[in-house]
Amino acid sequence: MKRLINRWCMVMLVVVAVQACKRSEIAPIVNDGVAPGPVKDVTVENLSGSAKIKYTIPSDPDVLYVKAVYTTKQGVERETKVSYYNNAITVAGFGDTDAYEVKLYAVDKGGNASQPVAVTVHPLTPAFRLVRNSLGAIANFGGIDVSYQNLSGADIAIVVLMNDSLGDFTPINTSYTNLKQGIFVTRDLKAVETKFGVYVRDRWGNISDTLHTTLTPIFEVKLDRTKMKQLVLPTNTDAPLGYGGSVAGLFDGGVTGGGYYHTGDGGTMPKWFSYDMGVTAKISRMSWFMRPGFFYDLHSPRKVEIWGSNNPSPDGSFTGWTLLTAYEQIKPSGLPNGQLTTADNEAAAAGETITIPLDAPAVRYIRFKTLNNWSNGTYVQIYEIYMWGNPQ
């Protein structure tokens, strides 16, 4: 009995000790009311729209973080903080290359701030201005194309403006991107002379001046899907198709149901099918729709080539065909197969659009060639295809 009592007492002592430790761990930090010393040995490296400030932390063991405080041209005060483990802090979001005063404070665990150390930074040209200087705009089918370079890969927005029905010059399309270069397209506009504006905005709300241009979009119309039909050629992966698929199903108007194209498993890639659009046209763009439930996965095309012809060889070879464009589908989120974000689903529902270069010839026949699907397998499945262009 005595041994049992001793063991019980030891257990209670351990419990009490543990609880005491826990209370100690969660006890509030004691504010000694004494501010730490200021940072020292400050140096500045000016960067695009920002500056990196290096310093030496004060020796006070109570220091918790360093903060930088600065004011924008619009009178907005910004504050950046970094842990005491760092010996540098980056201040960003400057809209020009003017001089700015930045005040550095060392702050301790009790919230006491040191005397400020003021330093002047001279940011280099910010990314949104560099992108603005690279902008170019040309007319294209049904709208305009805006080309840009963003060599730093900064997060920027490119905004296109035109007059609305009330005559107000307002935004009609915005592209959010961090690509180093690209072309931003705006479509579904009338083929009339129009005044456009384009400006660049960064994530801090800085806005560039506006590029003004007057352009006339090239006439474009959605081609009549009821005129489109299968073009039977020997090398096509059209016969036999698998799982009830048919080329005709690509033009029945159903993007989530109805007919579809689905190959049998010939065990090889690439695979292609051909079709007659029913009219000769200078193609501007085309969209294909993936199988619902398998977006960016399984048998959906990933890398493709689009070929056109007015006189395809009856032997099924590529004689008489012209490569209109090559294209790789990019999943917006970049997540692995089977994982989808809202952006992925929205992009898939809108259809994958391929822009055909302006210098591509007018054609009547199209060959859709799949080089790889999303599973690196040998099946291909597509639910629907839309075509746009200028019929001859």
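Using mature numbering (1 follows the signal peptide of the UniProt record, and there is no 0), the letters of the sequence shown correspond one by one to residues -20 to -1, 1 to 372. Even glycine gets a Cβ: it sits at the ideal position worked out from N, Cα and C.
### Message
Whole angstroms are fine: how far does the CA of Trp184 sit from the CA of Ile136?
### Response
Roughly 10 Å between the two C-alpha positions.
### Query
Between which two residues does the beta strand (DSSP E) carrying Ser264 extend?
For Ser264, the enclosing beta strand (DSSP E) covers residues Lys251 to Phe269.
### Reduced DSSP category for Lys53 - H, G, I as helix; E, B as strand; rest coil
coil
### Query
Below 7 Å between beta carbons: does that hold for Ser254 and Val343?
No Cβ-Cβ contact shorter than 7 Å links Ser254 with Val343.
### Message
Between the alpha carbons of Thr150 and Asp144, how many angstroms are there, rounded?
### Response
7 Å
### Message
If the criterion is Cβ atoms closer than 7 Å, does the pair Ile138 and Leu195 meet it?
### Response
no
### Query
Does the beta-carbon distance from Ser280 to Ile336 come in below 7 Å?
Cβ atoms of Ser280 and Ile336: not closer than 7 Å.
### Query
Arg58 bridges to which residues according to DSSP?
Tyr50
### Query
Leaving out five residues before and five after Leu(-8) in sequence, what residues of the same chain have Cβ atoms less than 8 Å from its Cβ?
In this predicted model, Leu(-8) has a pLDDT of only 46, less than 50, meaning its place in the structure is not dependable; the value taken from the coordinates is given anyway. Here the set comprises nothing.
#### Entry: Beta-carbon contacts of Ala134 that lie in its chain and below 6 Å, excluding the five residues immediately before and after
The answer, listed in chain order, is Ala107.
### Query
What number of angstroms, rounded off, separates the C-alpha of Leu221 from the C-alpha of Lys251?
12 Å
### Message
Quick check: the Cα distance between Asn353 and Glu57, rounded to an integer number of angstroms?
### Response
51 Å
### Task
Would you kindly work out how many angstroms separate the C-alpha atoms of Gly162 and Ala117, rounded to a whole number?
For Gly162 and Ala117, the distance between alpha carbons rounds to 12 Å.
### Message
For a test of the three-state rule: what should DSSP assign to Asn356, helix, strand or coil?
### Response
coil
### Task
Could you pull out every residue in the same chain whose Cβ sits closer than 6 Å to the Cβ of Gly225, ignoring the five residues on either side in sequence?
Tyr240, Tyr241 and His242
#### Entry: Ser28 versus Ser39, Tyr64, Val49 and Asp76, residue with shortest Cα-Cα distance
Asp76
### Query
Looking only at C-alpha atoms, which of Thr105, Lys283 and Gly300 sits nearest to Ala79?
Thr105
### Message
Along the chain, where does the alpha helix (DSSP H) containing Leu110 start, and where does it finish?
### Response
Ala107 to Ser114
### Task
Would you mind giving the Cβ-Cβ distance between Phe348 and Ile310, rounded to the nearest angstrom? I have them listed as a contact below 8 Å.
Phe348 to Ile310, Cβ: 18 Å. No contact.
### C-beta contact flag for Ala98 and Val71 at 7 Å
no
### Query
Going straight from the alpha carbon of Thr260 to that of Arg109, what length do you get?
Near 43 Å, if we compare the C-alpha coordinates of Arg109 and Thr260.
#### Entry: Simplified DSSP assignment, three categories, for Thr206
helix
### Query
So is Gln361 buried or exposed if we call it buried at 16+ other beta carbons inside 10 Å?
buried
### Per-residue burial, Glu25 [other beta carbons within 10 Å of its own, 16 or more giving buried]
exposed
### Query
Given Tyr307, which residues of its chain have a CB within under 6 Å of its CB, disregarding the five upstream and five downstream residues?
Val284 and Ile334
### Query
For Phe149, does the three-state DSSP call read helix, strand or coil?
strand
### Message
Going by DSSP, what residue range makes up the alpha helix (DSSP H) through Glu326?
### Response
Judged by DSSP secondary structure, Glu326 falls within the alpha helix (DSSP H) whose first and last residues are Thr322 to Ala330.
### Own chain, CB closer than 7 Å to Lys202, minus 5 neighbours either side, in chain order
So the list reads Tyr366 and Trp368, once near-sequence residues are dropped.
#### Entry: Helix, strand or coil at Ala228 according to DSSP, with G and I counted as helix
helix
### Query
Regarding Ser39 and the ligand NAD, is the C-beta to nearest heavy atom distance less than 6 Å?
Ligands are entirely absent from the displayed structure, and the ligand NAD is therefore not among its contents.
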